[in-house]
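Offset between the sequence shown (1-based) and the numbering used here: plus 74. Backbone N, C-alpha and C define an ideal beta-carbon position, used for all residues, glycine too. Here is the structure we will look at.
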Amino acid sequence: METANILIVEDDTDINRLLCAILEGAGYTCRAAFSGSEALLWAEKYDYDLVMLDLMLPGVTGEEFIQRVRRGKTMPIIVVSAKLGVSDRVNVLRLGADDFIPKPFDNSEVLARVEAQLRRSRQFAVPAADVLTAGALTLELDSHSASVDGQEVPLTSREFDILALLMKTPRRAFSRAQIYEAVWGEDYIGDDNTVNVHVSNLRSKLAKVDPDTTYIKTVWGIGFKFNLS
Numbered sequence: 075m076e077t078a079n080i081l082i083v084e085d086d087t088d089i090n091r092l093l094c095a096i097l098e099g100a101g102y103t104c105r106a107a108f109s110g111s112e113a114l115l116w117a118e119k120y121d122y123d124l125v126m127l128d129l130m131l132p133g134v135t136g137e138e139f140i141q142r143v144r145r146g147k148t149m150p151i152i153v154v155s156a157k158l159g160v161s162d163r164v165n166v167l168r169l170g171a172d173d174f175i176p177k178p179f180d181n182s183e184v185l186a187r188v189e190a191q192l193r194r195s196r197q198f199a200v201p202a203a204d205v206l207t208a209g210a211l212t213l214e215l216d217s218h219s220a221s222v223d224g225q226e227v228p229l230t231s232r233e234f235d236i237l238a239l240l241m242k243t244p245r246r247a248f249s250r251a252q253i254y255e256a257v258w259g260e261d262y263i264g265d266d267n268t269v270n271v272h273v274s275n276l277r278s279k280l281a282k283v284d285p286d287t288t289y290i291k292t293v294w295g296i297g298f299k300f301n302l303s
């Protein structure tokens, strides 16, 4: 197993120590933070491979931490919280969380979910600022071209921009409104069909050259995300 640096953000001292003990016992390196404000300082100073995050934190809340970190960081974030109703899950997914572990938690489940998120994150690579790659798929941002195993995929400008948006932040689920406003550069007026049609066309073109891989995943109740699995 590869090692990883993990930031544990939990204001309950006993739970924080327990999570650190579970992960360090499996060979990971942990940094403990006991408030959202402290966690932001660590996240800005160092690059972590994964964050485990409570939502109800003193100072900066867990939701605000996700929102601020996602402006420039792409490491997996696993929310560990008793505050995990349907609306809470939808909200933190939209903000950029990757997984949930309810309290009280099982030690083996913590390890399994951490391992799964680290495995997925290591499958995705951005080798250069102007090139995005995932498996056989390559996007060249400067030339606005897409290819799968060297075979060109003829995309429209909107389709290319949607795919690039999803690939740049592969663990984040984007709502249709967020996709529309980012790609079209206009305020969203509530017409899901525009985004749906472009995503459908994009999927069809990718499937023609790579029928065995689903690159864009539907996240029910939210929108779409890039599929790393």
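Query                                                                                                                   : Result
DSSP beta-bridge partners of Cys104                                                                                     : Ile80
C-alpha distance - Ser155 paired with Phe179, whole-angstrom precision                                                  : 9 Å
Spatial neighbours of Asp284 in its chain, beta-carbon cut-off 8 Å, leaving aside the 5 residues before and after       : Ala210, Leu211, Val222 and Asp223
For Phe139: DSSP bridge partner residues                                                                                : BP columns for Phe139 are empty, so no partner.
Residue range of the unbroken beta strand (DSSP E) whose run includes Thr207                                            : Val205 to Ala208
Simplified DSSP state of Ser161, which is helix, strand or coil                                                         : helix
Inter-residue CB distance, Asp216 and Asp235 (contact presumed, cutoff 8 Å)                                             : That belief does not hold up - the Cβ atoms of Asp216 and Asp235 are roughly 14 Å apart, past 8 Å.
Terminal residues of the alpha helix (DSSP H) in which Glu112 lies                                                      : Gly110 to Lys119
DSSP beta-bridge partners of Ile296                                                                                     : Paired residues: none, contrary to the question.
Pick from Ile175, Leu114, Val184 and Glu233 that is closest to Gly159, judged by C-alpha positions                      : Ile175
Exposure label - His272; buried when at least 16 CB within 10 Å                                                         : buried
Bridge partners - Phe248, DSSP secondary structure assignment                                                           : Phe298
Beta-carbon proximity list for Ala95, same chain, < 7 Å, skipping 5 on both sides                                       : none
Of the listed residues Trp294, Arg246, Gln225 and Asp286, nearest to Val143 (C-alpha basis)                             : Arg246
Val134 in three-state terms, based on DSSP                                                                              : coil
Neighbourhood of Lys282 by C-beta distance below 6 Å, restricted to the same chain and skipping five residues each side : none
Closest Cα partner of Thr230 within the set Glu112, Leu276 and Glu189                                                   : Leu276
Cβ shell of Val164 (< 7 Å), same chain only, five flanking positions each side left out                                 : Gly295 and Ile296
Ala308: first and last residue of the uninterrupted beta strand (DSSP E) it sits in                                     : Residue 308 is absent from the structure shown; the chain starts at 75 and stops at 303.
Assigned secondary structure, Thr52 (DSSP; H/G/I helix, E/B strand, else coil)                                          : The structure shown does not extend to residue 52, since the chain is modelled only from 75 through 303, so no value can be given for it.
Lys291, DSSP secondary structure in three states                                                                        : strand
Cα-Cα separation, Arg194 to Leu302                                                                                      : 6 Å
Residue of Ile253, Lys279 and Ser278 minimising C-alpha distance to Phe298                                              : Ile253
Burial state of Ser182 (16 or more Cβ within 10 Å)                                                                      : exposed
Cα-Cα separation between Thr326 and Gly264, rounded to whole angstroms                                                  : What the structure shows of the chain is the stretch from 75 to 303, and residue 326 is not part of that stretch, so it cannot be assessed.
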